[in-house]
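A short worksheet on the structure shown next.
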Amino acid sequence: MDFNSFDISAEAPIEEPARQYYFIARCRRHVTDFFEKNHRYPTACVTTFGCQMNARDSEKLAGILRQAGYVLTEDENSDFVIFNTCTVRDNADQRVYGRLGELNGYKRRNPKMKIALCGCMMQEPDVIEKLKKSYSFVDLIFGTHNIYKFAELLCTSLETQGTIIDIWKDTDRIVEDLPVERKYPFKSGINIMFGCDNFCSYCIVPYVRGRERSREPKDILREIERLVDDGVAEVMLLGQNVNSYGKNLEVPVTFAQLLREVERIEGLRRIRFMTSHPKDLSDELIQVMKESKKICRHLHLPLQSGSTRILQRMNRRYTAEQYLELVRRIRREIPDIAITTDIIVGFPGETPEDLEQTIDMVRKVKFDNAFTFIYSRRTGTPAAAMEDQIPEAQVKEGFDRLLRVVQETAREQAAKHRGKIMEALIEEVNESTPGYVTGRLSNNMIVHIPGNERLIGKLLPVSLDECRGFYYIGHAVSGPKEN
Ligand code: 5AD
Ligand code: SF4
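Here the sequence shown is numbered in my numbering, starting from 181 and rising by one per residue.
Here's what the structure looks like:
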């Protein structure tokens, strides 16, 4: 795209993404002005809080900033800083407020600095009120539904004084073909759907990410093909609940069908996806995974609780028995699969017996890993209005006990692979052990092997020599296999 050829004195186009290209071109003029005054290009920093979805959104923000002429940096003491926020638990919010205080310090020294906030937390009206009242140094605030307009908002912010706040309640739009700046050259996330319609009673996501909408398969496939041409070996298909992908498309498609299509893309080596809701995981998906040579042997399948009574109150729409039966079915068909999960402790009304059932479930399923969270009360969710909220201090002991069992199980699961040879995708140089690089196995486990940066992005067979709790020390048994 040649942004210099845009006529930025003309009116902005109405249609997307042309409109955003126009605003990128217009931002470039401000960047040039900055260069002429300061003899350097302005710097920009994108800080991500939260999940893989946010990480992918941040790559889109970074892509636009790069095209606008900014020099991207990880240093928050820069000319433009944007926090892409998360609000799934209260501690995510608190971290944003804390870090904003630091930014204010930088801004006092660099008054031309622009501070922007976007993402899930901005969809909450109380947050906006608080920002207006106590954080008036923030220049630009937008939410999850209009992130595709970032170039336009950035341009407006550069051309005006005072805070710009633009929050939408919802959208049914998906804008394709905006610039992206990938964090890794060899792997990439791909959004396949946005939003969530499940309304688990504790969860804020359906309120801040809006209704579920799927991208067209042809757009997804085209994006992956381009990424593969660009050197990407592994893709992660992203959605809050990928198992309900495609239900609301004009020509409905199942997630399993989409996976079959993705599998066919030549040159693509690995496929991952996240997150699966147990209630929608189909036998068709299990079959596709079983037959696939590219889909990784890993399933993240959030359990949330091992008590059917609590699952019902959580509106999860499966019982503990159904979850266990599903896991058995998956393991029967795909014995080498790793299953990881999310668990919440301290949901309103949870008794010691309920927690016992969760712990029991962890032992029965033998999770390869589990993310454990203390329940966080999110304003506006049905669970927040439930009567029997449990004080956090009361939850701590049970939480620690669960965590010990989770770690024990994860260690046992990891140890089973000792001596095996598995394929690893080398992701980075190991910062703590000189002469080593770090790779990821199909089952999502980490392995450190002797090597240097030339191996990054390569897939190679490694021997798993020594289990160190949750990861391995190994060595390459041969060089990288070409496709
Ligand atoms: N409190 C604690 N954990 C939560 N999660 C979602 N909402 C909450 C909440 N209110 C957890 C769930 C979900 C993961 C992404 O975050 O376990 O799977
Ligand atoms: Fe939240 Fe449930 Fe949707 Fe996951 S499936 S984002 S936990 S509402």
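Glycine is no exception: its CB is placed at the ideal position from the N, C-alpha and C atoms.
C-alpha distance - residue i paired with residue j, whole-angstrom precision
| i | j | result |
| --- | --- | --- |
| Glu-603 | Lys-367 | 15 Å |
| Gly-649 | Ile-554 | 24 Å |
| Leu-605 | Gln-420 | 25 Å |
| Ala-331 | Asn-610 | 36 Å |
| His-478 | Asp-187 | 49 Å |
| Arg-452 | Arg-497 | 25 Å |
| Lys-398 | Met-301 | 31 Å |
| Ala-361 | Ala-573 | It is worth fixing the name first, because residue 361 is Glu in this sequence and not Ala. Those two C-alpha atoms are separated by around 42 Å. |
| Leu-418 | Asp-377 | 15 Å |
| Gly-249 | Pro-571 | 49 Å |
| Glu-608 | Met-625 | 14 Å |
| Lys-596 | Thr-589 | 11 Å |
| Asp-182 | Glu-256 | 29 Å |
| Ile-372 | Thr-434 | 12 Å |
| Leu-245 | Gln-200 | 12 Å |
| Arg-288 | Val-318 | 12 Å |
| Ile-194 | Gln-484 | 44 Å |
| Pro-532 | Gln-247 | 54 Å |
| Leu-481 | Ile-519 | 7 Å |
| Glu-505 | Pro-630 | 41 Å |
| Leu-358 | Tyr-328 | 8 Å |
| Leu-639 | Ser-472 | 17 Å |
| Glu-530 | Met-233 | 30 Å |
| Arg-543 | Arg-389 | 34 Å |
| Tyr-286 | Tyr-315 | 14 Å |
| Ala-436 | Asp-350 | 28 Å |
| Arg-131 | Thr-559 | Because the chain spans 181 through 663 in this model, residue 131 falls outside it and cannot be assessed. |
| Ala-190 | Ala-242 | 26 Å |
| Thr-343 | Lys-294 | 10 Å |
Contact test: residue i Cβ vs the ligand 5AD heavy atom, cutoff 6 Å
| i | result |
| --- | --- |
| Arg-353 | no |
| Arg-558 | yes |
| Arg-269 | yes |
| Asp-677 | Absent from the model: residue 677. The displayed extent of the chain is 181 to 663, so no value can be given. |
| Pro-141 | With the chain represented from 181 up to 663, any question about residue 141 goes unanswered, as that position is not in the structure. |
| Cys-207 | no |
| Phe-229 | no |
| Cys-266 | no |
| Phe-547 | no |
| Pro-571 | no |
| Phe-579 | no |
Cβ-based neighbour list, residue i, same chain, cut-off 7 Å, excluding 5 preceding and 5 following
| i | result |
| --- | --- |
| Ile-668 | Nothing can be reported for residue 668: it is not among the residues displayed for the chain, which extend from 181 to 663. |
| Arg-489 | Asp-534 |
| Arg-598 | Leu-644 and Cys-647 |
| Asn-495 | Phe-379, Cys-380 and Ser-381 |
| Phe-215 | Tyr-221 |
6 Å CB neighbourhood of residue i in its chain, flanking five on each side removed
| i | result |
| --- | --- |
| Lys-576 | none |
| Phe-322 | Cys-298, Leu-333 and Asp-346 |
| Glu-196 | Val-355 |
| Arg-550 | Contrary to the premise, residue 550 reads as Ala rather than Arg in this sequence. The residues are Thr-521, Ile-523 and Val-586. |
| Thr-223 | Val-251, Thr-253, Ser-258 and Asp-259 |
| Asp-516 | Arg-477 |
| Ser-238 | Val-226, Thr-228 and Asn-264 |
| Val-307 | Met-301 |
| Arg-206 | Ile-188 and Cys-335 |
Any non-hydrogen atom of the ligand SF4 within 6 Å of residue i CB
| i | result |
| --- | --- |
| Gln-341 | no |
| Gln-420 | yes |
| Asn-378 | yes |
| Val-585 | no |
| Val-388 | no |
| His-219 | no |
| Cys-225 | no |
| His-325 | no |
| Cys-383 | yes |
| His-480 | no |
Cβ of residue i within 7 Å of any chain C Cβ
| i | result |
| --- | --- |
| Cys-376 | Absent here is chain C; the protein component of the structure consists of one chain. |
Beta-carbon proximity list for residue i, same chain, < 8 Å, skipping 5 on both sides
| i | result |
| --- | --- |
| Arg-440 | Val-468 |
| Val-408 | Ile-445, Glu-446, Gly-447 and Leu-448 |
| Pro-432 | Gly-426 |
| Asn-271 | Ser-556 |
Whole-number beta carbon distance between residue j and residue i, since they are thought to touch under 8 Å
| i | j | result |
| --- | --- | --- |
| Val-268 | Val-385 | 7 Å |
| Ser-643 | Cys-476 | Not confirmed; about 19 Å, so no contact. |
| Thr-212 | Phe-263 | Their Cβ separation, rounded to whole angstroms, is 26 Å, which puts Thr-212 and Phe-263 out of contact at 8 Å. |
| Val-276 | Phe-229 | 6 Å |
Item to check | Complete runs of the alpha helix (DSSP H) confined to the stretch 250-293 [at least 4 residues] | outcome: 270-289
Item to check | Those runs of the beta strand (DSSP E) which lie wholly inside the stretch 538-575 and span at least 3 residues | outcome: 549-554
Checklist entry - Which parts of the stretch 372-457 are runs of the alpha helix (DSSP H), unbroken and 4 residues or longer, counting only runs that do not cross its ends? => result 385-389, 397-409 and 435-443
Checklist entry - Along the chain, which unbroken stretches of the alpha helix (DSSP H) at least 4 residues long are found entirely within the stretch 470-528? => result 488-493 and 500-513
Item to check | Inside the stretch 295-320 only - alpha helix (DSSP H) runs reaching at least 4 residues | outcome: Listed in chain order, the complete alpha helix (DSSP H) runs (minimum 4 residues) inside the stretch 295-320 are 305-314.
Item to check | Inside the stretch 587-636 only - beta strand (DSSP E) runs reaching at least 3 residues | outcome: Within the stretch 587-636, the complete beta strand (DSSP E) runs of at least 3 residues are 601-609, 616-621 and 626-630.
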